[in-house]
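A.B. asks: First residue of the sequence shown? That's 665 in our numbering, and the numbers climb one at a time after it. Every residue, glycine too, gets a C-beta built ideally from N, C-alpha and C. One structure, pasted below without further comment.
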Amino acid sequence: MTTWPTAGEPGGNVIVPVRVAVAAPNDIAARAGVDVAAAGGNAVDAAIAAAIATMVTEPGMVSLSAGGYITLTVPGEQPVTIDGGVEMPGRDRPPSWFGGAVQEVRSGYGGGVIMTVGHGSVATPGALAALALLHERSGRLGWPELLEPAAAALRSGFPLGRSARHYLEFVHETAFGWQSDSHAALHGPGGQLLGPDELVRIPALVDSLAMLAVQGAEAFYRGGLADLIVSDMDANGGLLGARDLAEYEAVLRPALVSDHGRWTLATNPAPAVGGVTLTAMLTLLAGRPRGDWTVADVVHLVAVQEAVLSYRIHHFEAAPDRVQAAKVLLQMVDRRDLAAMSSPSTAHVSVAGDDGVACAVTVSAGYGSGLMTPGTGIWQNNCLGEPELNRGGLHSLRPGTRLLSNMAPSVASRSDGAVLAIGSPGADRISTALAQVLAGHMHGGQPLDEAIAHPRTHVRVGTDATVVDVEEDLDLGDLELPIRTFPSQAMYFGGVGAAWWEPDTGLHAAGDPRRAGATRISAPA
665 MTTWPTAGEP GGNVIVPVRV AVAAPNDIAA RAGVDVAAAG GNAVDAAIAA AIATMVTEPG
725 MVSLSAGGYI TLTVPGEQPV TIDGGVEMPG RDRPPSWFGG AVQEVRSGYG GGVIMTVGHG
785 SVATPGALAA LALLHERSGR LGWPELLEPA AAALRSGFPL GRSARHYLEF VHETAFGWQS
845 DSHAALHGPG GQLLGPDELV RIPALVDSLA MLAVQGAEAF YRGGLADLIV SDMDANGGLL
905 GARDLAEYEA VLRPALVSDH GRWTLATNPA PAVGGVTLTA MLTLLAGRPR GDWTVADVVH
965 LVAVQEAVLS YRIHHFEAAP DRVQAAKVLL QMVDRRDLAA MSSPSTAHVS VAGDDGVACA
1025 VTVSAGYGSG LMTPGTGIWQ NNCLGEPELN RGGLHSLRPG TRLLSNMAPS VASRSDGAVL
1085 AIGSPGADRI STALAQVLAG HMHGGQPLDE AIAHPRTHVR VGTDATVVDV EEDLDLGDLE
1145 LPIRTFPSQA MYFGGVGAAW WEPDTGLHAA GDPRRAGATR ISAPA
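Here you go:
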């Protein structure tokens, strides 16, 4: 267990102030991180505060009903990942409830998406349990202090951020307009989506956060909030029940570790798929690019993506034991065996401290169920309604099973002591975005902000065809695959956020121009 010295401990230890760099989806969240550090918190406290603030100020993108993963590195210790992924609910539901309480809505988002929403689309959330375990294991300040910045933002009201607004413009009436509480929170008196100068105000969410501050995550899983959630599910056919919440546990796992030149990367291990996919891609890139990306490097990148993603879809995701399937994949990667493999809504927070601690937190509520549980102000996830997370179909998993996850919060350490926290939203583009950024930085020597801004590609592997998605300013040469071209800096390709500390130059943070992220760095002592 990681502990930091606390004022008043035996021996008279005094808290050593920690400066942090924070990359987050909006400035409310980034400011929450640096303010908590200024109040005596460490990098873990800053990450928790920024994550909670994100989860209550990015409607449509994420919520307190999210799943999430956290990867942490502390000097002198092995990096770890906390698995707070969503689970299949239904432990105390009759068979007749499975397959029901959902509706399909169509959206123009992402070129056209059919979304499954409603009470039956809600999976058992895990992000709050993961953050609570992180705090218990590695936090310094009290839990209520970490929730106060989010509570302050809710009390005063907050504007919709650019990314949330972009998404909600497509779904505010369909996915988020079918239930009265949800509709009222996002729309003005005339029924229009709140404008840029209008504030989101959710009084019930203020009360819920106050309950969480006093009772901790216990309120959500076994306390008053759980009672409200379960009562609403009982009345409307939702699978999420009291046993699902009460029996949920976040899981501490050794991070998946790999070496890349002077860097050691630690990321989310199996049974999640995102970190394994990222590790495989970085390893198969074999040190490329060696400087700026060449056309040959990009062509090799496409081949690597196609091989890894093909194996993932056809073998890894369908495997009954994804941990064993991950071992097989990484063994093939070690042999550089590409041939054997061929056959919106997430949010990320990165925090690095000048004490060498780095923490990466990724959370997702899927596309959102459009359900705001009455009396709580909490929007529920729709992770059971995401086909890519449920390859066997709606409600096909055994209750208690973790769903697939693309999330890959990652930390890295360099031989000179530098540390990095990095991650991205973007569904199945998370791994490809991170692989390109990390390869450009670790292999090619690009400054991180340049590596993040560099044009990207993503190979879409389907059962019938493979298509290469690419930003218009990336040269693919004479690639013999169908190509779909996107504008430069397209939101589709993720939103990488990074925070890092170097012994010589100190703290840094960088956001992705593709999304409206924010960065902040603690003021000098």
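1) I need the DSSP call for GLY732, collapsed to helix, strand or coil.
2) With three or more beta-carbon pairs closer than 8 Å as the criterion, would you say the region 859-878 touches the region 1030-1043?
3) Please list the segments of the beta strand (DSSP E) lying wholly inside the region 1000-1085, counting only runs of 3 or more residues, in order along the chain.
4) Please name the residue in ASP1019, ALA881, THR941 and ALA816 whose C-alpha comes closest to that of TYR912.
5) What is the rounded straight-line gap between the Cα of GLY675 and the Cα of PRO808?
6) Here's a check: name, in chain order, each residue in its chain whose Cβ is nearer than 7 Å to the Cβ of MET1206, leaving out the five neighbours to either side.
7) Is the distance from the Cβ of GLY1030 to the Cβ of ASN1045 below 8 Å?
8) From GLY902, LEU994 and ARG695, pick the residue whose C-alpha is nearest to that of ILE1191; which is it?
9) Determine, for ASP1019, whether the minimum Cβ-Cβ distance to residues of chain C falls below 8 Å.
10) Which same chain residues, not among the five before or five after ALA1174, have their C-beta less than 7 Å away from its C-beta?
11) With contact counted as at least three CB pairs below 8 Å, one residue from each stretch, are the region 751-765 and the region 896-906 in contact?
12) Any idea if ILE1147 is buried or exposed, counting beta-carbon neighbours within 10 angstroms, 16 or more meaning buried?
13) Under a three-way DSSP split, which group does THR1149 fall into?
14) Does the Cβ of ALA814 have 16 or more other Cβ atoms within 10 Å, making it buried, or fewer, making it exposed?
15) Going by C-alpha to C-alpha distance, which of VAL966, THR780 and ARG829 sits closest to LEU946?
16) Using 8 Å as the Cβ pair cut-off and three pairs as the minimum, do the region 909-928 and the region 1071-1083 touch?
17) Mark ALA1196 as exposed unless 16 or more other C-beta atoms lie within 10 angstroms of its C-beta, in which case mark it buried.
18) Are the beta-carbon atoms belonging to VAL744 and PRO918 less than 8 Å from one another?
19) Less than 8 Å between C-beta atoms, sequence neighbours within five positions excluded: which residues of the same chain meet that for GLY821?
20) Near GLY887, which residues of its chain fall below 6 Å by C-beta distance, leaving aside the five closest residues on each side in sequence?
21) Rounded to whole angstroms, how far is the Cβ of GLY1020 from the Cβ of PHE840, which I believe are closer than 8 Å?
22) Got a sec, what are the start and stop residues for the beta strand (DSSP E) ASP923 sits in?
23) Could you please give me the residues that DSSP links to ARG1124 through a beta bridge?
24) Grab me the residues of ASP812's own chain with a C-beta within less than 6 Å of its C-beta, minus the 5 sequence neighbours each way, in chain order.
25) Below 8 Å on the Cβ atoms is my contact criterion, and I expect ALA1072 with GLY825 to pass it. Report the Cβ-Cβ distance as a whole number of Å.
26) From what residue to what residue does the alpha helix (DSSP H) around SER891 run?
27) Got a sec? Which residues, its chain only, sit under 6 Å from ALA1076 by beta carbon, not counting five neighbours each side?
28) For a test of the three-state rule: what should DSSP assign to SER727, helix, strand or coil?
29) Would you decide whether GLN856 is buried or exposed? Buried here means 16 or more other CB atoms lie within 10 Å of its CB.
30) Please state whether DSSP places LEU1171 in a helix, a strand or coil.
31) Can you tell me where the beta strand (DSSP E) with GLY697 in it begins and where it stops?
32) Provide the residue(s) that pair with GLY1161 in DSSP beta bridges, ordered along the chain.
33) Quick check on DSSP: helix, strand or coil for VAL781?
34) Taking buried to mean at least 16 other C-beta atoms within 10 Å of its own C-beta, is SER1152 buried or exposed?
35) If you pair each beta-carbon of the region 1063-1072 with each one of the region 946-961, do three or more pairs fall below 8 Å?
36) Nearest to ASP1158 by CA position, among ALA1189, HIS1012, SER1186 and TRP1164, is which residue?
C.D. replies: According to the data block:
1) As a position in the sequence shown, residue 732 is number 68, starting the count at 1. In the structure shown, GLY732 sits in a strand (DSSP, three-state: E or B).
2) Yes: the two stretches touch, three or more of their Cβ pairs being nearer than 8 Å.
3) Listed in chain order, they are 1010-1017, 1022-1028 and 1074-1078.
4) Residue 912 sits at position 248 when you count from the first residue of the sequence shown. Of the listed residues, the one whose Cα sits closest to TYR912 is ALA881.
5) By one-based count along the sequence shown, residue 675 stands at place 11. By one-based count along the sequence shown, residue 808 stands at place 144. For GLY675, the pLDDT reaches just 35, beneath the cut-off of 50, and the residue's location in the model is therefore unreliable, although a value from the coordinates is still provided. Straight-line Cα distance between these residues: approximately 26 Å.
6) Any answer about residue 1206 is impossible in this case: the structure gives the chain only from 665 up to 1189.
7) By 1-based counting over the sequence shown, the position of residue 1030 is 366. By 1-based counting over the sequence shown, the position of residue 1045 is 381. Taking 8 Å as the Cβ cut-off, GLY1030 and ASN1045 qualify as a contacting pair.
8) Residue 1191 lies beyond the residue range present for the chain, which begins at 665 and ends at 1189; the question has no answer from this structure.
9) Protein chain content of the structure displayed is limited to a single chain, and chain C is not contained in it.
10) Along the sequence shown, one-based indexing puts residue 1174 at 510. Sequence-distant Cβ neighbours of ALA1174 in its own chain, meaning closer than 7 Å and more than five residues away, are ALA687, LEU1112, ASP1113, ILE1116, ALA1162 and THR1183.
11) With the cut-off at 8 Å, the region 751-765 and the region 896-906 touch.
12) As a first step, residue 1147 is located in the sequence shown; it is residue number 483 there, counting from the start. By the 10 Å Cβ count, ILE1147 comes out exposed.
13) Reading the sequence shown from its first residue, position 485 is the one you call residue 1149. Three-state result, THR1149: strand.
14) Counting from 1 along the sequence shown, the entry for residue 814 is found at position 150. Looking at its Cβ environment, which holds 16 or more other Cβ atoms inside 10 Å, ALA814 is buried.
15) Numbered from its first residue, the sequence shown carries residue 946 at position 282. Measuring from the Cα of LEU946, the nearest candidate turns out to be VAL966.
16) The count of Cβ pairs closer than 8 Å, one atom from the region 909-928 and one from the region 1071-1083, reaches three, so the stretches are in contact.
17) Only positions 665 to 1189 of the chain appear in the structure, and residue 1196 is not among them; the question remains open.
18) As a position in the sequence shown, residue 744 is number 80, starting the count at 1. As a position in the sequence shown, residue 918 is number 254, starting the count at 1. Cβ atoms of VAL744 and PRO918: closer than 8 Å.
19) Indexing the sequence shown from 1 puts residue 821 at position 157. Taken in chain order, the residues that qualify are LEU863, VAL864 and ARG865.
20) Taking the first residue of the sequence shown as position 1, residue 887 is located at position 223. Hits under 6 Å: GLN879.
21) If you number the sequence shown from 1, residue 1020 lands on position 356. If you number the sequence shown from 1, residue 840 lands on position 176. With a Cβ gap of about 42 Å, GLY1020 and PHE840 do not count as contacting.
22) For the purposes of this step, residue 923 is taken as the residue at position 259 of the sequence shown. DSSP places ASP923 inside the beta strand (DSSP E), whose first and last residues are 920-924.
23) Indexing the sequence shown from 1 puts residue 1124 at position 460. Beta-bridge partners assigned by DSSP to ARG1124: VAL1131.
24) Counting from one through the sequence shown, the residue named residue 812 turns up at place 148. Before going on, a small fix: residue 812 reads as Glu here, not Asp. Within the same chain, no Cβ atom closer than 6 Å to the Cβ of GLU812 is found once the five residues on either side in sequence are excluded.
25) In the sequence shown, residue 1072 corresponds to position 408, counting from 1. In the sequence shown, residue 825 corresponds to position 161, counting from 1. Wrong, their Cβ atoms sit about 23 Å apart, outside the cutoff.
26) Translated into the one-based positions of the sequence shown, residue 891 becomes position 227. Note on residue identity: the sequence assigns Asp, not Ser, to residue 891. Segment 888-900, the alpha helix (DSSP H) holding ASP891.
27) In the sequence shown, counting from the first residue as 1, residue 1076 sits at position 412. Only TRP927, LEU929 and LEU1084 meet the Cβ criterion.
28) As a first step, residue 727 must be located in the sequence shown, where it is residue number 63. Reduced to three states, the DSSP call for SER727 is coil.
29) Looking up residue 856 in the sequence shown gives position 192. That one is exposed.
30) Mapped onto the sequence shown, residue 1171 falls at position 507. Strand, per DSSP.
31) Working through the sequence shown from its first residue, we reach residue 697 at position 33. Counted as a single uninterrupted DSSP element, the stretch harbouring GLY697 is not any beta strand (DSSP E) but the alpha helix (DSSP H) occupying residues 691-702.
32) In the sequence shown, the residue the question calls residue 1161 occupies position 497. Under DSSP, GLY1161 takes part in a beta bridge, and its partners are GLY1087.
33) Start at 1 with the first residue of the sequence shown, and residue 781 comes out as number 117. Looking at VAL781 - three-state DSSP - the assignment turns out to be strand.
34) For the purposes of this step, residue 1152 is taken as residue 488 along the sequence shown, with counting starting at 1. Classification for SER1152: exposed.
35) With the rule of 3 Cβ pairs closer than 8 Å, the region 1063-1072 does not count as touching the region 946-961.
36) Sequence index remark: in the sequence shown, residue 1158 carries index 494 (1-based). The displayed chain sequence assigns Gly, not Asp, to residue 1158. Each of ALA1189, HIS1012, SER1186 and TRP1164 was checked against the Cα of GLY1158, and the nearest Cα belongs to HIS1012.
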